[in-house]
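Residue numbers (this note's numbering): 77 to 469.
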Ligand SMILES: Cc1cc2nc3c(=O)[nH]c(=O)nc-3n(C[C@H](O)[C@H](O)[C@H](O)COP(=O)(O)O)c2cc1C
């Protein structure tokens, strides 16, 4: 539209608005020294492209290179398990031993050569780890009736020390591999979210009960990582604004936690919500049919911004440039993270920057994950179908 104006005044007015929006979304900013060229972040998403040992493959490097070329400012790597018992899905990325570093270095170099930053998401699946993949019993924060069908190990104080150490060692490896920072995954279904949530944490020791106890392991992990990586290395944390399940974290708990993390020294908070395996507020949410349904956690983000002084990254359901622009200019969040739109259109941000402001073409059908579970890595199945139809196959 802007490239072929019929009416010069309208063109001038629109391009003025467009420039204004561009200047906000494409202004340089930084998170603890990590300079970002725009406000768009690729949210962590399992690509199903690592080896069975969690090592980076050429296909994964290729996918992230294409993404980096497409204009996004920051990539958050997919879930990377910090210890062998923490793997939660097949072909997941690992960061549990030094031998994984050289291939990770190839990946970070490829991203940097294409003008983009990358941080590594550190995670552990806790009770949701897959024993048939890990060959070890899953670790649970506390006992539950759900465990009648399988053996899980309840986490001891010694296990807590071991988990803390696996996070800090993993963070150091990520730094050595050239990542610009790390993100501690404490949202959705992972072990740190299980510590936070009364729905999973019924412990009676210093790691259960009050919020201060349920966040104790987070602060231990933060401090042990900070000691190893230094003050000038970005440490981001991803948390739920709510679990949206019975006995789960509420928004008020979450605000208290976010403020505590912000005051502790985390360099940014990424906000999401829901526990994937309950199906509630599914992360593969399909109903984003209009602009008001986009970015479905923005009201919670608005409350977060009033409480925290650290930058806020808002995840979930963004599809339109105009909604992104409003979120940033209204001060609801500082960055916007998206995951599924980039599977179909890795160059979405360049497209928007060129002035083609049509919303993301992602159909939200979640078909992209089927090839992932078949061992081929995620890709946009709808787009492939459309291209085949056009080609007459
Ligand atoms: C199959 C699947 C895998 C995901 N893997 C991760 C992950 O490894 N780490 C993470 O923090 N979030 C993960 N997410 C959540 C995404 O980061 C994101 O918050 C969610 O897809 C909503 O954003 P979107 O509407 O832009 O896709 C995953 C989501 C889906 C559907």
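For every residue, glycine included, the Cβ atom is placed at its ideal position computed from N, Cα and C.
Note that the structure is a prediction, hence the values are computed from the model and not measured.
Query	Result
Under the three-state DSSP convention, the category residue 426 falls into	helix
Spatial neighbours of residue 213 in its chain, beta-carbon cut-off 7 Å, leaving aside the 5 residues before and after	207, 227, 228, 229
Proximity test, residue 258 beta-carbon vs ligand 1 heavy atom, cut-off 7 Å	no
Other residues of its chain near residue 77: CB distance less than 7 Å, five sequence neighbours each side excluded	Residue placement at residue 77 is poorly supported in this model, since its pLDDT is 45, which falls under 50; the coordinates still yield a value, given next. So no residue of the chain qualifies.
Run of the alpha helix (DSSP H) containing residue 246, from where it starts to where it stops	233-252
Secondary structure, beta strand (DSSP E): runs of 3+ residues fully inside the stretch 252-296	257-262
Selection from 422, 461, 449, 111 that minimises the alpha carbon distance to residue 142	422
Cβ-heavy atom distance, residue 364 to ligand 3, below 7 Å	Of the ligands this structure carries, namely ligand 1, none is ligand 3.
Uninterrupted alpha helix (DSSP H) stretches inside the stretch 149-181 (no shorter than 4 residues)	none
C-alpha distance - residue 238 paired with residue 345, whole-angstrom precision	25 Å
Length at least 3, wholly inside the stretch 389-444: the beta strand (DSSP E) runs in chain order	411-414
C-alpha distance - residue 416 paired with residue 399, whole-angstrom precision	17 Å
Beta-ladder partner(s) of residue 223, from DSSP	None, per the DSSP bridge assignment.
Distance cut-off 7 Å: residue 298 Cβ against heavy atoms of ligand 1	no
Burial state of residue 500 (16 or more Cβ within 10 Å)	For residue 500 there is no data in the structure shown, the boundaries of the chain being 77 and 469.
Collapsed DSSP secondary structure at residue 136 in the structure displayed	helix
Expected contact under 8 Å - CB spacing of residue 392 and residue 371 to nearest Å	7 Å
Helix, strand or coil at residue 118 [DSSP, three-state]	strand
Neighbour-count burial assignment, residue 95, 16 or more Cβ in a 10 Å radius	exposed
Cut-off 8 Å between Cβ atoms - residues of its own chain near residue 157, not counting five sequence neighbours on either side	130, 163, 164, 168, 169, 170, 171, 172, 199, 200, 201
Assigned exposure category for residue 471 - 16 Cβ within 10 Å defines buried	Here the chain covers residues 77 to 469 and nothing more, so residue 471 does not appear.
Reference residue 366, options 440, 347, 92, closest by Cα	440
Residue closest to residue 395, alpha-carbon to alpha-carbon, out of 204, 247, 364	364
Check whether residue 247 and residue 305 have beta carbons under 8 Å apart	yes
Contact test: residue 200 Cβ vs ligand 1 heavy atom, cutoff 7 Å	no
Beta-carbon contacts of residue 426 that lie in its chain and below 7 Å, excluding the five residues immediately before and after	146, 147
Limits of the unbroken beta strand (DSSP E) element including residue 364	Taken as a continuous stretch (DSSP letters only), residue 364 belongs to no beta strand (DSSP E), as it is neither H nor E.
Check: residue 337 C-beta below 7 Å from any heavy atom of ligand 1	no
Cβ pair count under 8 Å reaching 3, the stretch 320-334 against the stretch 99-114	no
Stretch-stretch touch, CB-based, cutoff 8 Å, three pairs: the stretch 181-201 with the stretch 257-268	yes
Distance, residue 273 Cα to residue 325 Cα	5 Å
DSSP state of residue 217 mapped onto helix, strand, coil	coil
For residue 315, the residue or residues it bridges with in DSSP	262, 347
Residue 215 beta carbon less than 8 Å from that of residue 186	no
Alpha-carbon to alpha-carbon, residue 262 and residue 313	7 Å
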